[in-house]
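In order, the protein sequences belong to chains A and B. For the first sequence, position 117 (counting from the first letter as 1) is numbered 511 according to the numbering used here, and the numbering increases by one without interruption. For the second sequence, position 229 (counting from the first letter as 1) is numbered 623 according to the numbering used here, and the numbering increases by one without interruption.
Protein chains: 2
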Amino acid sequence: MRIAACFPAVALPLMCMNAWADTPVPPQTMQQVLGASKPTDWRTLDPDNTLYLDLAAGRVVIELAPAFAPLHAANIKTLVRAHYFDGLAILRVQDNFVTQWGDPAAGEAGEHDKARSLGEASSTLAPEFERPIAREVPFTRLPDGDVFAPEVGFSNGMPVARDRRAGKIWMAHCYGMVGAGRDNAVTSGSGAELYVVIGQAPRQLDRNIAVVGRVVQGMELLASLPRGGGALGFYEKPDQRVPIKSVRLAVDVPVADRTPLEILRTDTPTFAALIESRRNRRDDWYKVPAGKIDLCNVPIPVRATNESRPKP
Amino acid sequence: MRIAACFPAVALPLMCMNAWADTPVPPQTMQQVLGASKPTDWRTLDPDNTLYLDLAAGRVVIELAPAFAPLHAANIKTLVRAHYFDGLAILRVQDNFVTQWGDPAAGEAGEHDKARSLGEASSTLAPEFERPIAREVPFTRLPDGDVFAPEVGFSNGMPVARDRRAGKIWMAHCYGMVGAGRDNAVTSGSGAELYVVIGQAPRQLDRNIAVVGRVVQGMELLASLPRGGGALGFYEKPDQRVPIKSVRLAVDVPVADRTPLEILRTDTPTFAALIESRRNRRDDWYKVPAGKIDLCNVPIPVRATNESRPKP
Numbered sequence: 395m396r397i398a399a400c401f402p403a404v405a406l407p408l409m410c411m412n413a414w415a416d417t418p419v420p421p422q423t424m425q426q427v428l429g430a431s432k433p434t435d436w437r438t439l440d441p442d443n444t445l446y447l448d449l450a451a452g453r454v455v456i457e458l459a460p461a462f463a464p465l466h467a468a469n470i471k472t473l474v475r476a477h478y479f480d481g482l483a484i485l486r487v488q489d490n491f492v493t494q495w496g497d498p499a500a501g502e503a504g505e506h507d508k509a510r511s512l513g514e515a516s517s518t519l520a521p522e523f524e525r526p527i528a529r530e531v532p533f534t535r536l537p538d539g540d541v542f543a544p545e546v547g548f549s550n551g552m553p554v555a556r557d558r559r560a561g562k563i564w565m566a567h568c569y570g571m572v573g574a575g576r577d578n579a580v581t582s583g584s585g586a587e588l589y590v591v592i593g594q595a596p597r598q599l600d601r602n603i604a605v606v607g608r609v610v611q612g613m614e615l616l617a618s619l620p621r622g623g624g625a626l627g628f629y630e631k632p633d634q635r636v637p638i639k640s641v642r643l644a645v646d647v648p649v650a651d652r653t654p655l656e657i658l659r660t661d662t663p664t665f666a667a668l669i670e671s672r673r674n675r676r677d678d679w680y681k682v683p684a685g686k687i688d689l690c691n692v693p694i695p696v697r698a699t700n701e702s703r704p705k706p
Numbered sequence: 395m396r397i398a399a400c401f402p403a404v405a406l407p408l409m410c411m412n413a414w415a416d417t418p419v420p421p422q423t424m425q426q427v428l429g430a431s432k433p434t435d436w437r438t439l440d441p442d443n444t445l446y447l448d449l450a451a452g453r454v455v456i457e458l459a460p461a462f463a464p465l466h467a468a469n470i471k472t473l474v475r476a477h478y479f480d481g482l483a484i485l486r487v488q489d490n491f492v493t494q495w496g497d498p499a500a501g502e503a504g505e506h507d508k509a510r511s512l513g514e515a516s517s518t519l520a521p522e523f524e525r526p527i528a529r530e531v532p533f534t535r536l537p538d539g540d541v542f543a544p545e546v547g548f549s550n551g552m553p554v555a556r557d558r559r560a561g562k563i564w565m566a567h568c569y570g571m572v573g574a575g576r577d578n579a580v581t582s583g584s585g586a587e588l589y590v591v592i593g594q595a596p597r598q599l600d601r602n603i604a605v606v607g608r609v610v611q612g613m614e615l616l617a618s619l620p621r622g623g624g625a626l627g628f629y630e631k632p633d634q635r636v637p638i639k640s641v642r643l644a645v646d647v648p649v650a651d652r653t654p655l656e657i658l659r660t661d662t663p664t665f666a667a668l669i670e671s672r673r674n675r676r677d678d679w680y681k682v683p684a685g686k687i688d689l690c691n692v693p694i695p696v697r698a699t700n701e702s703r704p705k706p
């Protein structure tokens, strides 16, 4: 848990004590850290909690986080398995905020009767905006603090914040985080309308809405879409909307059509070394290492499974 | 200077003392704050320090900040007046990082002899990565701290950070900030290659490169471009590059072709009220006000000059 012990308080550490081995480790670039990573530093995505959002432009891979939003994750899986999203569309792209998708008819006055049925899925859910701190929810703390929360760090690859006094932990709205849109009622989110953060982390949304997971590949497809000209970035004309070919749960896709990915584990000395490599850049370009990092600036490396080196 | 006095330490202030009037002000939404703003809360853009970057898709308006990067601002104006950028292109769009433009031939090995001449402009400049704190450089402090710098706030509409112990102040790499690309040598930036931040604030760049200004309108045109498939997000094929029609200094453009804009001043009680309205959202949607705000989450409102209400 004490990854933070690896980060000295001085601005320009030349050597850093490895919290696990208690031996000095030399400064490294991120490439060096990844190059030296072991197969056990990586985990494969769980196909039962991985969504493929397929657009004409390509595939977006989303990892769900049932530890934080179990009801929402289950409801989304029910919708996906009923092919709810197939043929729906990206409806909203608000610059420096979110890209959002769902059923165009669901949100329009006078069009509700044309909205697609949610089938077996619930139309309302208990708000899963935060959850109790618990032993089974890991937390690897970042050392540099946070403007919004008492503590921030990572939990199974998700950027999270927590408040030990309140006994709560929640997923943070960093770039690429996926949430379930809702109306004013806290129970009005169902997962039938989803958004992803495409700009500066809108942390004011934290604890106000259910975050359900994170885009681990394909963010550029959602972030580079034309911005909508209507209020809140909604597309004004139906033909501006970006059609969704399909959304599938990876486990339901034939193995040959899956996108096998590995994510760097966030509870390892390798990840701690990666963070240190980003807090203090070592390449020739940087002249003044920041000595700090913000939660939403930490990259979470992903690679194709077949990139992993052969196991001994 | 003590705008921070308006922000109580408690998480949910129902009333807030106005630091200037010492009278309680009721909680307001941003729309209410802007609706109640006075003409003197706004300033018009200085046409002598405003660039129009014209693309086929529309116009990007950039405000230069000569108080922070006088040599770079002057060099960029020399380049612009020599029509240096006209017919050049956007070369690089790296997801969640930057969009960058300049001369494709300038960066390519073996192509340097095809690079466009900088004319009267300098090819190297002293690094203007930070500057001394000075009375003539205003600073309105934000109340909630910062992960990277001892203090953050605004100076003439630019997000800035400062270190009083070091006596330095610098512009911060928030969304929409424009900087002058450089190679490894700190003097190698000239303003002939410019970038704009299109994702989570890459604050590790602060004090490592010259920030020259900020996009005040048209960011969506630069942020929604297809990401480049090459290393660092460079476009791999010349026909993927986005042509620049022209870059002009506003003062050199006929008045009828200018884009007259007003920016909300950042040193006023109105701006302090706007910040408070964003720290603690008052609309029906938000259930848990953040009580905090990050430097790069603060919107800096802009409006067409003809939107300003008639003066009494």
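Note that CB positions come from ideal geometry on N, CA and C, so glycine has one too.
Proximity of residue i and residue j at Cβ, strictly below 8 Å
| i | j | result |
| --- | --- | --- |
| residue 621/B | residue 618/A | yes |
| residue 680/A | residue 602/B | yes |
| residue 594/A | residue 595/B | yes |
| residue 521/A | residue 604/A | yes |
| residue 551/B | residue 660/B | yes |
| residue 556/A | residue 457/A | no |
| residue 554/A | residue 570/A | no |
With 16 other Cβ atoms within 10 Å as the buried cut-off, status of residue i
| i | result |
| --- | --- |
| residue 693/B | exposed |
| residue 529/B | exposed |
| residue 584/A | buried |
| residue 431/A | buried |
| residue 627/A | buried |
| residue 538/B | buried |
| residue 611/B | buried |
| residue 517/A | exposed |
| residue 490/B | buried |
| residue 429/A | exposed |
| residue 339/B | In this structure chain B extends from 395 to 706, so residue 339/B is not present and cannot be described. |
Nearest to residue i (by Cα), restricted to the options the options
| i | options | result |
| --- | --- | --- |
| residue 648/B | 435/B, 424/B and 441/B | 441/B |
| residue 572/A | 466/A, 637/A, 497/A and 448/A | 466/A |
| residue 508/B | 482/B, 518/B and 576/B | 482/B |
| residue 547/A | 643/A, 669/A, 520/A and 614/A | 669/A |
| residue 474/A | 676/A, 684/A, 677/A and 644/A | 644/A |
| residue 724/A | 453/A, 524/A and 614/A | There is no way to answer for residue 724/A, as the model of chain A reaches only from 395 to 706. |
| residue 472/B | 498/B, 667/B and 641/B | 641/B |
| residue 700/A | 438/A, 630/A and 552/A | 438/A |
| residue 497/A | 478/A, 488/A, 487/A and 489/A | 478/A |
| residue 638/B | 449/B, 555/B and 598/B | 449/B |
| residue 511/B | 629/B, 673/B and 480/B | 480/B |
| residue 657/B | 455/B, 421/B and 597/B | 455/B |
| residue 462/B | 527/B, 672/B, 569/B and 452/B | 527/B |
| residue 459/B | 544/B, 566/B and 494/B | 566/B |
| residue 688/A | 452/A, 672/A, 654/A and 696/A | 672/A |
| residue 677/A | 599/B, 678/B and 655/B | 599/B |
| residue 616/A | 476/A, 451/A, 436/A and 443/A | 451/A |
| residue 484/A | 609/A, 436/A and 633/A | 633/A |
| residue 579/B | 494/B, 436/B and 519/B | 519/B |
| residue 464/A | 588/A, 494/A, 606/A and 586/A | 606/A |
Cα-Cα separation between residue i and residue j, rounded to whole angstroms
| i | j | result |
| --- | --- | --- |
| residue 664/B | residue 549/B | 15 Å |
| residue 682/A | residue 515/A | 52 Å |
| residue 562/A | residue 500/A | 33 Å |
| residue 581/A | residue 652/A | 33 Å |
| residue 560/B | residue 558/A | 35 Å |
| residue 427/B | residue 434/B | 14 Å |
| residue 353/A | residue 524/B | There is no way to answer for residue 353/A, as the model of chain A reaches only from 395 to 706. |
| residue 574/A | residue 592/B | 24 Å |
| residue 422/B | residue 691/B | 18 Å |
| residue 597/A | residue 424/B | 17 Å |
| residue 674/B | residue 667/A | 36 Å |
| residue 540/B | residue 629/A | 35 Å |
| residue 543/A | residue 564/A | 10 Å |
| residue 697/B | residue 655/A | 45 Å |
| residue 532/B | residue 470/B | 24 Å |
| residue 695/A | residue 534/B | 38 Å |
| residue 545/A | residue 436/A | 25 Å |
message = Restricting to runs no shorter than 4 residues, where is the alpha helix (DSSP H) found entirely within the region 501-565 of chain A?
response = With a minimum length of 4 residues, no continuous alpha helix (DSSP H) run stays inside the region 501-565 of chain A.
task = Tell me the start and end of each unbroken beta strand (DSSP E) in the region 636-682 of chain A that is at least 3 residues and wholly inside, in chain order.
result = 640-643 and 655-658
task = Mind listing, in chain order, the continuous beta strand (DSSP E) runs of no fewer than 3 residues lying wholly within the region 442-481 of chain A?
result = 444-449 and 452-458
ask   = Which full runs of the beta strand (DSSP E) of 3+ residues lie inside the region 578-644 of chain B, going along the chain?
value = 588-591, 604-611 and 636-643
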